[in-house]
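Asker:
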Amino acid sequence: MTMANQWVGWGNLTRDPEIRFFESGSQVANCGLAVNKKWTNKKGETEESVEFFDLAIWGDTADRVAESLSKGDRVMVVGNLRIRRVQDEAQKNVQYHEIVVEEIGPTLRWASATLVRAPKKDAQRSDTAPAYDNTDPF
Numbered sequence: 169m170t171m172a173n174q175w176v177g178w179g180n181l182t183r184d185p186e187i188r189f190f191e192s193g194s195q196v197a198n199c200g201l202a203v204n205k206k207w208t209n210k211k212g213e214t215e216e217s218v219e220f221f222d223l224a225i226w227g228d229t230a231d232r233v234a235e236s237l238s239k240g241d242r243v244m245v246v247g248n249l250r251i252r253r254v255q256d257e258a259q260k261n262v263q264y265h266e267i268v269v270e271e272i273g274p275t276l277r278w279a280s281a282t283l284v285r286a287p288k289k290d291a292q293r294s295d296t297a298p299a300y301d302n303t304d305p306f
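Quick note on numbering: this note's numbering labels position 134 of the sequence shown as 302, and the sequence is numbered without any gaps.
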């Protein structure tokens, strides 16, 4: 039986991405995400709830996120939900809901963005699509 763990959502970053480097050469950027939901109840009153998630962005994407995004930015996120279990200073077990990010970017609902392509590590792959040739082939 195949299992899936895919999380898709959008919200606002609650803190600037903080990047950490490891001796192995890997890197991770961590930040928070607030997901707001508003609805009207049966009485016609507006209600709101907020869920908070930690984001873990690994690899080269960590660099790009740290350079491009900051606290308050509205983003869309695709990733995997992970429950991280740790012990606090009082040796009490604590659980954190963390999204291990696969894709992240700014939403354009209330903002605009300028796309700047990151250089490819593989020099054989083309960075841009071939130029459009508008000459008539016939």
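Think of the CB as a built atom: it goes at the ideal place given N, C-alpha and C, for glycine as much as any other residue.
Could you spell out where the beta strand (DSSP E) holding ASP184 opens and where it closes?
Answerer: Taken as a continuous stretch (DSSP letters only), ASP184 belongs to no beta strand (DSSP E), as it is neither H nor E.
Asker: What is the rounded straight-line gap between the Cα of LYS210 and the Cα of ALA197?
Answerer: 42 Å
Asker: Identify which residue in ALA286, ASP241, GLY227, ILE187 has its Cα closest to the Cα of TYR278.
Answerer: The sequence shown places Trp at residue 278, rather than the Tyr named in the question. Among ALA286, ASP241, GLY227, ILE187, the Cα nearest to that of TRP278 belongs to ASP241.
Asker: If ILE187 and ASP231 are in contact, beta carbons under 8 Å, what's the gap, nearest whole angstrom?
Answerer: 7 Å
Asker: How many angstroms separate the CA atom of ALA281 from the CA atom of GLU213?
Answerer: 35 Å
Asker: Could you check the C-alpha separation between GLY193 and TRP226 for me, to the nearest Å?
Answerer: 11 Å
Asker: Ends of the alpha helix (DSSP H) at GLU235?
Answerer: 228–236
Asker: Given that a residue counts as buried once 16 or more other Cβ atoms are within 10 Å of its Cβ, and exposed if not, what is LEU223?
Answerer: Looking at its Cβ environment, which holds 16 or more other Cβ atoms inside 10 Å, LEU223 is buried.
Asker: Ordered along the chain, which non-local residues of its own chain (more than five positions away) have a Cβ less than 8 Å from that of GLU266?
Answerer: Only PHE221, ASP222, LEU223, ALA224, LEU249, ARG250, ILE251, ARG252 meet the Cβ criterion.
Asker: Can you name the residues that DSSP bridges to GLN174?
Answerer: Under DSSP, GLN174 takes part in no beta bridge, so it has no partner.
Asker: Starting from LYS201, trace the beta strand (DSSP E) both ways and give me its first and last residue.
Answerer: Before going on, a small fix: residue 201 reads as Leu here, not Lys. 195–208 is the span of the beta strand (DSSP E), which, as asked, contains LEU201.
Asker: What does a CB cutoff of less than 6 Å around GLU216 pick up in its chain, not counting 5 residues either side in sequence?
Answerer: LYS206
Asker: If we count the other Cβ atoms within 10 Å of its Cβ and call it buried at 16 or more, is LEU283 buried or exposed?
Answerer: exposed
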